[in-house]
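Taking my numbering, the leading residue of the sequence shown gets 43, the next gets one more, and so forth.
Glycine included, every Cβ here is placed at the ideal spot set by N, Cα and C.
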Amino acid sequence: MVRRGLQDHVAGRVVSRVEVMHPRAIRRHLPGTVDFGGRIAGRELVAARRRGKYLWVDLSSGEAVLAHLGMSGQMLVQPPGTPDEKHLRVRLTFADDGPELRFVDQRTFGGLSVEPVVTVDGVPLPAPIAHIARDPMDPAFDRTAAIAALRRRRTEVKRALLDQTLVSGIGNIYADEALWHARLHWARPTDALTPRKTGELLDAATAVMNAALDVGGTSFDALYVNINGQSGYFDRSLNAYGQEGLPCPRCGRAIQREPFMNRSSFSCPRCQPRPTTS
43 MVRRGLQDHV AGRVVSRVEV MHPRAIRRHL PGTVDFGGRI AGRELVAARR
93 RGKYLWVDLS SGEAVLAHLG MSGQMLVQPP GTPDEKHLRV RLTFADDGPE
143 LRFVDQRTFG GLSVEPVVTV DGVPLPAPIA HIARDPMDPA FDRTAAIAAL
193 RRRRTEVKRA LLDQTLVSGI GNIYADEALW HARLHWARPT DALTPRKTGE
243 LLDAATAVMN AALDVGGTSF DALYVNINGQ SGYFDRSLNA YGQEGLPCPR
293 CGRAIQREPF MNRSSFSCPR CQPRPTTS
């Protein structure tokens, strides 16, 4: 949703000024604040792109502004003169005097950097994310290769789904939803899955993410918004994630929550039985 907003509102515009309000927001840009601004000011923002959870905007210089939103990062378009957000970290103003682009981040886990672009498998990518796999919504996504990669990993299936070097873009929420649709417990070993079942899981993840995009994404609070500050509504369609104690929409059994990698995993104990250990 954020990529679409950037493409609609800032692509094709020339940056006139860059203001960095908090150095942590550009900590990944090692040359520092002055260099960061100098590489962007005077450049056209050519196109907004995405791979997995990473977002970038191509610059007319041939470099790219790479962004990761972290837990609370927001890219917002605001008319000039709009009061600054409490957690405004970076502001880009444009030569056309139109709406500004602001990077707002309460927890400062996200960040921006200007990066060289390299070509991987015929696709130009910012160098730091050259190792990130294609995601299921990429037109060139190789479903057969992704199935094989997941089954080779020899780990719990949810860990494999979240491994961005295997398949990118699937986060904790959509992994739980995909596993619910595929009737798989998160701890099922990947090497015990058939190619057919692994394919069903990938297809479920793709369907879940497309359904979320259709309603603007998943917003649990005011931090999760699109570029215009609007919330998404997929949280109303969740079957497993965050539904602890509520009846499974499929069988009626109460959804359970289990600890998982310092987070939580939600599943139906009847539809998604935990695998037995030998």
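Original post:
Cα separation between residue 174 and residue 93?
Top reply: Going from the Cα of residue 174 to the Cα of residue 93 covers about 8 Å.
**OP:** Could you pull the start and end residues of the alpha helix (DSSP H) that residue 49 belongs to?
**Re:** It spans 44-51 - the alpha helix (DSSP H) in which residue 49 sits, taken as one unbroken run.
**OP:** State the CB to CB distance for the pair residue 185 and residue 244, rounded to an integer number of angstroms; the pair is presumed to be in contact (CB under 8 Å).
**Re:** Right, their Cβ atoms sit about 6 Å apart.
Original post:
Out of curiosity, what's the CA-to-CA distance linking residue 78 and residue 121?
Top reply: Taking the straight line from one Cα to the other gives about 23 Å.
Original post:
Can you tell me the Cα-Cα spacing of residue 225 and residue 199, whole angstroms?
Top reply: In a straight line, the C-alpha of residue 225 is about 12 Å away from that of residue 199.
Subject >> CA nearest to the CA of residue 285, picked from 233, 249 and 215 >> reply: From the listed residues 233, 249 and 215, the smallest Cα separation to residue 285 is found for 215.
Original post:
Which of helix, strand or coil does DSSP assign to residue 303?
Top reply: DSSP places residue 303 outside both helix and strand once states are collapsed to three, so it counts as coil.
Original post:
Can the beta-carbon of residue 156 be found closer than 7 Å to that of residue 59?
Top reply: Not closer than 7 Å, so no.
**OP:** Kindly indicate which three-state DSSP category residue 314 falls into: helix, strand or coil?
**Re:** In this structure, DSSP gives residue 314 a state outside helix and strand, which the three-state scheme calls coil.
Subject >> Separation of residue 283 from residue 114, as counted between CA atoms >> reply: Residue 114 and residue 283 have their alpha carbons spaced roughly 19 Å apart.
Original post:
Should residue 155 be flagged as near chain D, meaning a C-beta pair shorter than 7 Å?
Top reply: Checking the listed chains, one finds no chain D in this structure; it contains a single protein chain.
Subject >> Bounding residues of the beta strand (DSSP E) (the contiguous stretch that carries residue 89) >> reply: Its beta strand (DSSP E) spans residues 87-93.
Original post:
What span of residues does the alpha helix (DSSP H) with residue 253 cover, start to end?
Top reply: 237-256 is the span of the alpha helix (DSSP H), which, as asked, contains residue 253.
Original post:
Taking C-beta to C-beta, are residue 144 and residue 133 nearer than 7 Å?
Top reply: The answer is yes: Cβ separation under 7 Å.
Original post:
Applying the criterion that 16 or more other CB atoms from any shown protein chain within 10 Å of the CB defines a buried residue, is residue 152 buried or exposed?
Top reply: Label assigned to residue 152: buried.
**OP:** Return the chain-ordered ranges of every beta strand (DSSP E) run that is complete within the segment 135-189 and spans a minimum of 3 residues.
**Re:** As far as the segment 135-189 is concerned, its whole beta strand (DSSP E) runs of at least 3 residues are 142-147, 153-157, 159-162 and 165-168.
Original post:
Where do the N-terminal and C-terminal ends of the alpha helix (DSSP H) with residue 204 fall, by residue?
Top reply: First-last of the alpha helix (DSSP H) with residue 204: 199-204.
Original post:
Shortest alpha-carbon distance to residue 211 belongs to which of 291, 90 and 96?
Top reply: The option with the nearest alpha carbon to residue 211 is 96.
Original post:
Going by C-alpha distance, which of 317, 318 and 290 is nearest residue 308?
Top reply: The residue with the shortest Cα to Cα distance from residue 308 is 290.
**OP:** Sort out for me which residues DSSP pairs residue 71 with in a bridge.
**Re:** According to DSSP, residue 71 bridges with nothing at all.
Original post:
What span of residues does the alpha helix (DSSP H) with residue 216 cover, start to end?
Top reply: That run of the alpha helix (DSSP H) goes 214-224.
Subject >> Spatial distance of residue 222 from residue 146 (CA atoms) >> reply: Residue 222 and residue 146 have their C-alpha atoms some 33 Å from each other.
Subject >> Assigned secondary structure, residue 131 (DSSP; H/G/I helix, E/B strand, else coil) >> reply: The answer is strand: DSSP assigns residue 131 an E or B state.
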